[in-house]
Each structure stands twice: as C-alpha cells, then as structure tokens.
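Residue numbers (full-length UniProt numbering), protein chains in the order written: chain A, 1 to 330; chain B, 1 to 240. Note that beta-carbon positions come from the ideal geometry of N, C-alpha and C, so glycine has one too.
Here's what the structure looks like:
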C-alpha cells in the first residue's frame with residue numbers, strides 16, 4: 001500500500017514497557033517502538049517467541065499486569081492509549097476502538113454458552129441495538145460478516161472445529177465496528193490450509209469499509225511468528241528482536257526483492273524451509289539482561305566495534321551495518 | 001525397519017480415527033506424514049511410539065512384532081524410540097530443571113551416573129547454556145524448552161525418532177535449528193525418523209519421503225512404495 005492522505009489509525013511513538021521484578025531488577029520487554037498503521041492497511045509484527053510482541057499488544061489494550069511501567073505514546077483516534085485510565089479503556093477502547101482477535105479462540109470463548117448467546121451479549125454491550133428481535137438479527141448479521149455459518153450459532157465452543165471457533169472469535173471482534181483490529185497469533189496451531197483461509201478472511205476485513213467510516217477500511221495489527229502467513233496478508237512488516245523493532249519495511253520489498261535489510265530479518269527469512277533452511281546461530285538474549293550495545297551482535301556475521309553501541313531505532317532499520325539495496329542486487 | 005500393518009486405532013472402538021493404515025519406514029529413513037488437523041496422524045504417531053495400543057493391526061519394530069504398549073512394553077523396546085511432541089509445555093514436568101528434564105530417561109532406566117556427561121554432550125550443540133540448564137520450564141521460552149525436550153528424546157540414543165509436529169509453535173529460525181540437530185543426530189547414528197505434520201514445505205525439505213494421509217487411507221499399499229507416486233517427493237539436492 002502506498003501513502004494515504006488520512007492520518008494513521010494507530011500511531012505509536014517511543015513505546016516502552018518495563019516489568020519491575022522482585023529484587024529491584026527489571027525486564028525490558030519493549031523498548032522504544034515506533035510505527036504507524038493506516039486504515040485499510042495490515043502491519044505484521046513478527047519475531048521469535050518471547051521477544052515482546054504480545055506485551056506490546058497488551059500495552060495497547062491496557063491489559064498489562066500491575067508491575068509494568070510504560071513510556072511513550074500510542075495515539076488511536078485522538079486518544080493516547082498509554083495515558084488513558086481503566087474507565088476510558090473499558091468503556092471506549094476495548095471492543096469499540098480495538099477489536100481483539102485472540103491467539104486461542106477455544107480459550108477466549110465462554111465454554112458454557114452458545115455462540116449466539118455470546119454474540120448477542122456483545123451486540124447488546126457494544127452497539128445501540130435494543131430489543132429481543134433486533135439483537136437476534138444483529139447477532140446473526142455479525143456472524144455472517146465473519147462467515148460464521150448461521151446453522152452453527154446454537155452450538156457451544158467445544159462443538160466447533162478450530163476454524164469455526166476462529167471465525168466466532170473474529171465475529172465478536174468485529175461487532176463494535178472498531179477501526180483497529182489486533183490479532184495476536186491468530187494462526188497459531190492451525191494447519192496450513194486453515195492458516196491461509198484465516199489470513200485471507202482477515203485481509204477481507206481490512207479491505208471491507210467499516211460501517212461508520214464509509215470509505216476507509218480497518219487497520220490490522222497482526223502479531224505472528226508465522227512468516228508465510230505474514231507474507232500472505234501484510235502491507236508492512238515490523239520485525240521485533242529482544243524488545244526492539246529492528247526493521248520496519250514494506251512487505252513487497254521485505255519478502256521479495258531487494259529483501260530485508262537487517263541481518264536478523266535476513267536470517268529469519270533464510271531459516272524458512274522454502275529458502276535456505278539454515279538457523280541463525282545462537283539464541284536471543286534475555287530481556288532482563290540485555291547487552292549495552294546491539295542485542296543481535298553476538299549472533300551477527302556483520303559485527304564490528306561499532307556494534308558495542310546501541311543503534312538508533314528511529315529509522316526504518318536499527319543496525320550499524322544494514323544490507324543496502326545495491327549490494328543485495330549485486 | 002518400522003512397519004505399521006493395517007493399524008486401526010482411536011479412542012472409541014465404534015469410531016476409530018485411524019482405520020487400516022499401513023506404512024513402512026526403512027532403517028535410517030526419514031518419512032514425513034502430512035495431513036490436516038484432526039485426521040488421526042498424531043494417533044498413528046502415538047501407536048508407532050508405543051504410547052497408544054491399536055484396536056487391531058500389527059506394529060513390527062526391527063523385525064519383531066510389538067505385543068505391549070505403554071508400560072507393558074519391555075524397557076529395551078521403549079528406549080529404542082525417542083518422541084518429541086508438539087507442545088513442549090505440556091510434555092515437560094514443570095518442577096524439573098532443564099538438566100534434570102533431559103536426564104530423566106537416564107534416571108528412569110537406572111543409568112543415573114551417565115547423566116552429567118550425557119546432558120553436557122547434548123546441551124552444547126542445541127545451544128542450551130549451563131545457565132539455561134539450571135532453570136525450570138516457566139523460566140525459558142517455548143523454543144528453548146523444545147530444545148530441551150529434543151535433548152531428552154535423544155538422551156538414550158534411540159534408533160527411531162517419532163516427531164509429532166515438534167515445530168508448529170516455533171519461529172522459523174528455531175525450527176531450522178531443531179531440524180538441523182535431529183539431522184545431525186541421524187547422520188551420526190543412522191536412526192530412522194517418523195515425522196507427522198501439516199507443513200508441506202517443511203516435511204518435504206526435511207524428510208527423504210513424504211506421504212499424505214489421504215493416500216494411506218485410499219489404499220493399503222504405502223504410496224511411497226508405488227512407482228511414480230507424486231507424493232514420494234525426494235528432498236531437493238543440497239538439503240542438509
């Protein structure tokens with residue numbers, strides 16, 4: 001996607017999250033993250049498990065535990081999510097401004113109630129629809145938007161396959177007409193066909209205009225470790241390593257030519273079985289014990305003395321020696 | 001040789017999920033079984049790993065039919081097979097430090113004294129540092145825990161490895177690292193591999209031969225044994 005005239009739906013500036021641990025030390029789960037997501041755009045946030053991706057999502061929803069400290073700004077529709085109080089988050093943000101598509105739909109849905117009952121409750125809470133018959137119709141419409149079959153509405157979560165449970169959770173996320181969808185590992189544990197199906201549906205929701213806004217679609221922030229799924233859906237890619245965004249790039253140039261510029265991103269793509277299938281040597285550092293310089297230096301083939309200093313994260317690549325388009329082509 | 005002969009297995013005798021499946025794995029061969037979620041491939045893997053007794057059919061392991069499953073299997077048989085499961089969190093005792101987790105099969109077979117050496121030998125190539133080995137499962141990432149679970153599967157030097165989607169939860173780099181470690185072990189020992197999963201690209205790159213669940217159920221002849229089978233895909237040249 002190219003630049004759009006409208007301001008981004010979500011704009012994150014210098015977002016940091018620290019956890020205070022017993023004994024006075026702290027864990028830097030997210031450090032100085034900058035990114036924007038525009039309407040009709042999908043940003044895929046990729047990285048290894050434990051790199052801080054899900055903490056970032058929790059920070060946006062105000063769902064961090066009590067020992068977390070945040071810094072920076074995250075603007076969504078004129079509101080700074082990090083400064084908002086619990087009352088604002090509960091009444092205006094969750095479900096209404098951000099729709100969450102959870103990692104494990106089976107765990108997200110209430111096991112003792114039917115999908116219809118859960119949809120109708122959500123419709124009642126988030127929209128102005130009132131009255132038994134209208135709520136019922138609105139619930140069925142919500143199911144239809146997520147391609148959830150009407151014949152399965154009276155089933156309980158355990159009676160649904162993984163794909164249908166995913167659609168039920170998506171239907172719930174779409175009810176409030178939120179301008180931002182936040183999908184946290186939506187394809188984890190699904191088989192390849194179901195992964196493709198799920199991301200294609202998410203893409204459709206990004207491209208479908210929201211009812212309230214008219215011409216613009218939704219913005220989607222998808223957190224995933226599945227590079228194949230990210231390649232299928234994303235307009236932009238943000239790569240996270242040890243709590244920092246090390247590269248933000250257009251998806252076409254990231255997955256195609258000239259390819260990623262940060263050595264870590266290149267290693268991650270190179271590890272795919274359809275590419276080199278070669279692992280990046282070593283393991284990521286602990287978030288509680290990050291080195292003073294570049295966190296990737298110990299695993300990097302391009303390391304020099306300069307890497308003892310932390311590269312700036314404000315540009316598109318946080319690296320002292322990024323791959324340059326001309327040398328990649330050569 | 002690991003031979004599954006018309007195996008029928010499941011959790012309800014009236015509705016078995018695995019019906020009359022046959023599959024043969026030659027010594028040292030790596031066979032990948034592809035199939036969608038819920039098709040029964042994990043159940044078949046559990047049968048091959050002596051963890052689930054089939055309703056009917058025979059498992060012949062290295063020329064000898066298997067008569068006992070789970071704790072009814074003789075120790076020599078059980079220890080010939082190493083298993084890696086999909087979810088490391090569910091297959092590791094949360095109370096054990098990683099070093100003890102890896103050494104557990106040695107303790108269980110009365111070879112406690114080998115533990116220190118064997119753990120050190122396995123941990124190093126898998127990138128498990130002494131610091132990680134001192135931690136418990138909740139203190140490490142999924143990728144690090146799965147590395148430990150792989151080390152545990154290899155600690156008794158099995159002749160067969162059964163892998164049930166060991167990398168479905170993991171990122172690309174950790175996946176490649178685990179596969180490399182398994183292939184290094186197989187190259188050194190000549191162990192056979194039975195890997196089930198749904199990632200076509202991964203299993204075709206990894207295994208000597210991949211078979212699809214639908215082809216196993218359509219015919220009693222393993223598709224890889226049929227000449228010209230499109231599913232008997234060979235690994236591309238130059239693969240590790």
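Problem - Beta-carbon spacing of residue 40 of chain A, residue 96 of chain A below 8 Å - result: no
Problem - Nearest residue (CA-CA) to residue 223 of chain A, options A:203, A:310, A:182 - result: A:182
Problem - Proximity test, Cβ basis, 8 Å: residue 32 of chain B and chain A - result: no
Handout entry: Short Cβ contact (8 Å threshold) for residue 101 of chain B with residue 92 of chain B
Key = yes
Practice task
May I have the straight-line CA-CA distance separating residue 43 of chain A from residue 174 of chain A, to the nearest angstrom?
Solution key: 18 Å
Problem - Per-residue DSSP class, three states only, for residue 160 of chain B - result: strand
Problem - Secondary structure of residue 11 of chain B, DSSP reduced to three states - result: coil
Practice task
Indicate whether at least one CB of chain A lies closer than 8 Å to the CB of residue 199 of chain B.
Solution key: yes
Exercise for the section: Determine, using beta carbons only, whether residue 200 of chain A comes closer than 8 Å to chain E. Expected result: Going by chain labels, chain E is absent from the structure shown, which instead holds the protein chains A and B.
Problem - Test: residue 104 of chain A CB closer than 8 Å to a CB of chain B - result: no
Handout entry: Closest residue to residue 180 of chain B among B:151, B:159, B:196, B:158 (Cα-Cα distance)
Key = B:151
Handout entry: Interface partners of residue 142 of chain B on chain A, CB under 8 Å
Key = 49, 50
Problem - Where residue 128 of chain B sits in the DSSP three-state scheme - result: coil
Exercise for the section: Would you verify that the beta carbon of residue 43 of chain B is, or is not, closer than 8 Å to some beta carbon of chain A? Expected result: no
Practice task
Give the residues of chain A in contact with residue 202 of chain B, contact being defined as C-beta atoms less than 8 Å apart.
Solution key: 273
Problem - Chain-order list of residues whose beta-carbon lies under 8 Å from that of residue 202 of chain A (same chain, five-residue window excluded) - result: 42, 101, 170, 181, 183, 186, 220, 222, 233
Problem - Own chain, CB closer than 8 Å to residue 14 of chain B, minus 5 neighbours either side, in chain order - result: none
Practice task
With 8 Å as the threshold, decide whether the Cβ of residue 223 of chain A is near any Cβ in chain B.
Solution key: no
Handout entry: Pairwise C-alpha distance: residue 318 of chain A and residue 122 of chain A
Key = 42 Å
Exercise for the section: At 4 residues or longer, and completely inside the region 262-313 of chain A: list those alpha helix (DSSP H) runs for me, N to C. Expected result: 263-270
Problem - Residues of the region 133-156 of chain A with Cβ closer than 9 Å to any Cβ of chain B, in chain order - result: none
Exercise for the section: Answer yes or no: does any C-beta atom of chain B fall closer than 8 Å to that of residue 3 of chain A? Expected result: Residue confidence is low: residue 3 of chain A scores 48 on pLDDT, short of 50, so the model does not pin down where it sits. Its coordinate-derived value is still stated next. Taking Cβ atoms only, chain B never reaches closer than 8 Å to residue 3 of chain A, which makes this a no.
Handout entry: First through last residue of the alpha helix (DSSP H) which encompasses residue 42 of chain B
Key = 41-48
Problem - Range covered by the beta strand (DSSP E) that runs through residue 19 of chain B - result: 18-25
Handout entry: residue 135 of chain A - DSSP class collapsed to helix/strand/coil
Key = helix
Exercise for the section: Starting from residue 268 of chain A, find everything on chain B with Cβ-Cβ shorter than 9 Å and list it in chain order. Expected result: 171, 172, 173
Problem - Straight-line Cα distance separating residue 147 of chain A from residue 206 of chain A - result: 15 Å
Problem - Run of the alpha helix (DSSP H) containing residue 254 of chain A, from where it starts to where it stops - result: 251-255
Practice task
Could you check if residue 271 of chain A is buried or exposed, using at least 16 other CB atoms within 10 Å of its CB as the buried criterion?
Solution key: buried
Practice task
Indicate whether residue 347 of chain A and residue 14 of chain A have their beta-carbon atoms separated by less than 8 Å.
Solution key: The structure shown does not extend to residue 347 of chain A, since chain A is modelled only from 1 through 330, so no value can be given for it.
Problem - chain A within 8 Å of residue 22 of chain B, Cβ atoms only - result: no
Handout entry: For residue 31 of chain A, the first and last residue of its enclosing alpha helix (DSSP H)
Key = Premise fails: residue 31 of chain A lies in the beta strand (DSSP E), 26-37, not in any alpha helix (DSSP H).
Exercise for the section: Spell out whether any CB of chain A is found under 8 Å from the CB atom of residue 168 of chain B. Expected result: yes
Handout entry: Alpha carbon of residue 71 of chain B to alpha carbon of residue 109 of chain B, nearest angstrom
Key = 13 Å
Problem - Alpha-carbon to alpha-carbon, residue 80 of chain B and residue 91 of chain A - result: 59 Å
Handout entry: chain B contacts from the region 177-198 of chain A (Cβ-Cβ distance under 8 Å)
Key = 188, 189, 190, 191, 192, 193, 194
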